[in-house]
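Enquirer:
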Amino acid sequence: MKWWGQRVKNIYHYLVSVAMIIWCRYPAKKLFVIGVTGTDGKTTTATLIYEILRAAGLNAALISTVAAKIGGEEVDTGLHTTNPDARRMQPLLRRMADAGVTHLVLEVTAHGLDQYRVLGCNFAVGVLTNITHEHLDDFVTMERYRRAKLKLFKGVKFAVLNADDPSFKNFQFSIFNFKSNSKTRIIKYSKSKLKNISPALWGDYNRYNIGAAEAVARILEVRSQIVETVIKDFEGVPGRREEVKAGQKFRVIVDFAHTPNALDQVLLQLRKELGAEKRLILVFGCTGERDKGKRPMMGEIASRLADVVIITSDDMRSESQDEIARQIMSGITPELRSSPLKFSSPTRVFAVRGDKRGDMKIVKENDRGEAIKKAIKEAGPGDIVLLAGKGHERTILIGKTERPWSDAEEAKRAIRGAGG
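Be aware that the sequence shown starts at 1, since it is given in the UniProt record's numbering, and climbs by one per residue.
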């Protein structure tokens, strides 16, 4: 029923978008628009493409989850929204057109496509990073989620697809089924195989983001030397594997990982970097009133890959944090449990993994600030603390109230309070 209600709302979004396009004089008409969609990796991929275009001397702009960039000016795009609605999007595009922008790199979400927030952007290039579990609270099924993403590729000149992602064959077939795509070229990419340079971006999964950016650069005939220089120097975006350094003897990393796939990938990478007999300490939660199906999945991933897991709040809105935590903890597999799970706060559960890493600990702490303090207090020399889910975000949503927040700043305060 909720899905059909959203369809009705989308009619309203469509009419608003049409009105704003007319009011702003069709601002995207002359822009060469590159759309980047997918479940994970969109922001990093879009930003890397933007940096390559700028280095190539093109007058490029960017709209991403983190910010919009017009020339040297950075513009905040709003709270908790990758694609602003048409009342903000179209004036933003008008500013870009008036500033002489020729190329726009636009991070595009399934909601942005489904709700016509990017209507009027005639995408020349569409990029797909991957399709994994997310947003099923709104789209109900993975097929509907996939179809929403597919809208980006209708009428594109180039479709840049991840050949290693399970969605590849399905997307390739579906794109060719669009009548408007008779001349569309499918550009396949996989993990970047850079031989002469060492990318600043860490992690195996970022090799795919680099591979996508390289593919777009080839389409636009950007010289390889320029591409390699940008990749070598590009350190990522705020809130994506952002290191917090405050004189402590352990590592603290802030990352936006808020999907099962993203959490799995970042934890796997950090385990590779972890020293012998050192621990990986994870602080994370799941957003309230959103995709409940991913909560046990993330609980399973956390309990499998981290040594200490502190389950806490993350934009819980009006949902009970205890209930969110219960659903996360339900994903912990029975063989990991050595005592019954209880959900009173605080909860400590000791579970035996059955491998050389021995016992792992799960703590429930509803207050995110206190959870970060506990993680910092728990950490010893050489350990890694991962604060997952909030990333770059500067607010936390409790009820209907946006409150100022920064995982990085909270971590610094906790380190200072613990004496480093």
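Cβ coordinates follow ideal geometry from the N, Cα and C atoms, glycine included.
Leaving out the 5 sequence neighbours to the left and right, which residues in its chain are closer than 6 Å to Lys377 when beta-carbon positions are compared?
Expert: As a working note, residue 377 is residue 377 in the sequence shown. For Lys377, where only same-chain residues beyond five positions count, the Cβ hits under 6 Å are Ala418.
Enquirer: Applying the 10 Å Cβ sphere with the 16-neighbour rule, what's the burial state of Pro84?
Expert: Working through the sequence shown from its first residue, we reach residue 84 at position 84. So Pro84 ends up on the buried side.
Enquirer: Under 8 Å between the Cβ atoms of Ile34 and Gly120?
Expert: If you number the sequence shown from 1, residue 34 lands on position 34. If you number the sequence shown from 1, residue 120 lands on position 120. Contact flag unset, no.
Enquirer: CB residue 422 to CB Arg94, shorter than 8 Å?
Expert: Outside the shown range of the chain, which is 1 to 420, sits residue 422, and nothing can be said about it.
Enquirer: Quick one: any contact between the region 180-197 and the region 100-116, if contact means 3 or more CB pairs under 8 Å?
Expert: The region 180-197 vs the region 100-116: no contact.
Enquirer: Relative to the C-alpha of Val36, which residue among Gly126, Leu220, Lys69, Asn122 is closest?
Expert: In the sequence shown, counting from the first residue as 1, residue 36 sits at position 36. Comparing Cα positions, the closest option is Gly126.
Enquirer: With which residues is Glu73 paired in a DSSP beta bridge?
Expert: By 1-based counting over the sequence shown, the position of residue 73 is 73. According to DSSP, Glu73 bridges with Ile70.
Enquirer: Within 10 angstroms of the Cβ of Pro260, are there 16 or more other Cβ atoms? Answer buried if so, exposed if not.
Expert: As a first step, residue 260 must be located in the sequence shown, where it is residue number 260. By the 10 Å Cβ count, Pro260 comes out buried.
Enquirer: Within a Cβ cutoff of 7 Å, which residues of the same chain sit near Ser320, ignoring the five residues on either side of it in sequence?
Expert: By one-based count along the sequence shown, residue 320 stands at place 320. Hits under 7 Å: none found.
Enquirer: Please return the same chain residues whose Cβ sits closer than 6 Å to the Cβ of Leu387, not counting the five positions on each side in sequence.
Expert: Counting from 1 along the sequence shown, the entry for residue 387 is found at position 387. Cβ within range, chain order: Val254, Val283, Asp407.
Enquirer: Take Arg295 and list the residues in its own chain whose beta-carbon comes closer than 8 Å to its own, dropping the five residues that flank it on each side.
Expert: Position 295 of the sequence shown, counting from 1, holds the residue named residue 295. Cys286, Ile324, Gln327, Ile328, Ser330, Gly331.
Enquirer: At which residue ranges does the UniProt domain "Mur ligase central" (36-195) contain complete beta strand (DSSP E) runs of 3 or more residues, listed in the order of the chain?
Expert: Within the UniProt domain "Mur ligase central" (36-195), the complete beta strand (DSSP E) runs of at least 3 residues are 60-63, 68-70, 73-75, 103-107, 123-128, 158-162, 185-189.
Enquirer: Here's a check: name, in chain order, each residue in its chain whose Cβ is nearer than 8 Å to the Cβ of Arg348, leaving out the five neighbours to either side.
Expert: Along the sequence shown, read from residue 1 onward, the residue named residue 348 stands at position 348. Note that Arg348 scores 46 on pLDDT, short of 50, meaning its location in the model is unreliable; the coordinates nonetheless yield the value given after this. Contacts found: Lys361, Ile362, Val363.
Enquirer: From the DSSP output, which residues share a beta bridge with Lys245?
Expert: Here residue 245 refers to the residue found at position 245 of the sequence shown. Per DSSP, none; premise fails for Lys245.
Enquirer: Note down, in chain order, each residue of its chain lying with its Cβ closer than 8 Å to the Cβ of Lys183, except the 5 sequence neighbours on either side.
Expert: Counted from its first residue, the sequence shown places residue 183 at position 183. Excluding positions up to five away in sequence, the list reads Lys157.
Enquirer: Considering only C-alpha positions, which residue in the set Lys9, Ile11, Ile415 is nearest to Lys245?
Expert: Reading the sequence shown from its first residue, position 245 is the one you call residue 245. Nearest of Lys9, Ile11, Ile415 to Lys245, Cα basis: Ile415.
Enquirer: Taking contact to mean 3 or more Cβ pairs, one atom from each stretch, closer than 8 Å, check whether the region 49-66 and the region 97-108 are in contact.
Expert: Yes: at least three Cβ pairs fall under 8 Å.
Enquirer: Among Arg251, Asp233, Lys232, Gly247, which one has its Cα closest to the Cα of residue 434?
Expert: Within the shown structure, residues of the chain are numbered from 1 to 420, placing residue 434 beyond reach of any answer.
Enquirer: Quick one: Cα of Thr43 to Cα of Ile49, how far?
Expert: Residue numbering aside, residue 43 sits at position 43 when the sequence shown is read from its first letter. Residue numbering aside, residue 49 sits at position 49 when the sequence shown is read from its first letter. C-alpha separation (whole angstroms): 10 Å.
Enquirer: Any idea if Gly380 is buried or exposed, counting beta-carbon neighbours within 10 angstroms, 16 or more meaning buried?
Expert: The residue given as residue 380 occupies position 380 in the sequence shown. So Gly380 ends up on the exposed side.
Enquirer: For the candidate residues Glu74, Phe178, Phe123, Val216, whose alpha-carbon lies nearest to that of residue 433?
Expert: No answer is possible for residue 433: it lies beyond the span of the chain, which begins at 1 and ends at 420.
Enquirer: Rounded to a whole number of angstroms, what is the C-alpha to C-alpha distance between Lys169 and Leu161?
Expert: If you number the sequence shown from 1, residue 169 lands on position 169. If you number the sequence shown from 1, residue 161 lands on position 161. Answer to the nearest angstrom: the Cα atoms are 9 Å apart.
Enquirer: Do Tyr189 and Gln265 come within 8 Å of each other at the CB atom, strictly closer than that value?
Expert: Counting from one through the sequence shown, the residue named residue 265 turns up at place 265. Counting from one through the sequence shown, the residue named residue 189 turns up at place 189. Going by C-beta atoms, Gln265 is not nearer than 8 Å to Tyr189.
Enquirer: Can you have a look at Asp233 and say buried or exposed, based on whether 16 or more other CB atoms are within 10 angstroms of its CB?
Expert: Taking the first residue of the sequence shown as 1, we reach residue 233 at position 233. Exposed, by the Cβ-count rule.
Enquirer: In the DSSP assignment, find the unbroken alpha helix (DSSP H) run with Leu263 in it and report its ends.
Expert: Your numbering for residue 263 matches position 263 in the sequence shown. Start and end: 260-273.
Enquirer: Hey, Asp308 and Arg279 are a contact pair by Cβ (cut 8 Å); roughly how many whole angstroms apart?
Expert: As a first step, residue 308 is located in the sequence shown; it is residue number 308 there, counting from the start. As a first step, residue 279 is located in the sequence shown; it is residue number 279 there, counting from the start. Note that residue 308 corresponds to Val in the displayed sequence, not to Asp. Going by Cβ atoms, the distance from Val308 to Arg279 rounds to 6 Å, so yes, they are a contact pair.
Enquirer: Run through the DSSP bridge pairs and tell me what Thr312 is partnered with.
Expert: Mapped onto the sequence shown, residue 312 falls at position 312. None, per the DSSP bridge assignment.
Enquirer: Hey, how far is the Cα of Ile186 from the Cα of His133?
Expert: Residue mapping note: residue 186 aligns to position 186 of the sequence shown, counting from 1. Residue mapping note: residue 133 aligns to position 133 of the sequence shown, counting from 1. Cα to Cα, Ile186 sits roughly 24 Å from His133.
Enquirer: Among the candidates Ile310, Gly382, Asp314, whose CA atom is the shortest distance from the CA of Ala371?
Expert: In the sequence shown, the residue the question calls residue 371 occupies position 371. Among Ile310, Gly382, Asp314, the Cα nearest to that of Ala371 is on Ile310.
Enquirer: Would you mind reading off the limits of the alpha helix (DSSP H) that contains Arg403?
Expert: In the sequence shown, residue 403 corresponds to position 403, counting from 1. Note, Arg403: premise wrong, no alpha helix (DSSP H); beta strand (DSSP E) at 401-404.
Enquirer: If I follow the unbroken alpha helix (DSSP H) through Lys388, where does it start and stop?
Expert: Along the sequence shown, read from residue 1 onward, the residue named residue 388 stands at position 388. Reading the sequence as shown, one finds Ala at residue 388 and not Lys. Where Ala388 is concerned, there is no enclosing alpha helix (DSSP H), although the beta strand (DSSP E) it sits in stretches over 384-388.
Enquirer: For Lys249 and Gly382, what's the separation of their Cα atoms in angstroms?
Expert: Here residue 249 refers to the residue found at position 249 of the sequence shown. Here residue 382 refers to the residue found at position 382 of the sequence shown. Roughly 6 Å between the two C-alpha positions.
Enquirer: Measure how close the beta-carbons of Ile210 and Ile226 come, nearest whole angstrom, since I'm counting them as under 8 Å.
Expert: As a working mapping, residue 210 is identified with position 210 in the sequence shown. As a working mapping, residue 226 is identified with position 226 in the sequence shown. Going by Cβ atoms, the distance from Ile210 to Ile226 rounds to 14 Å, so no, they are not a contact pair.
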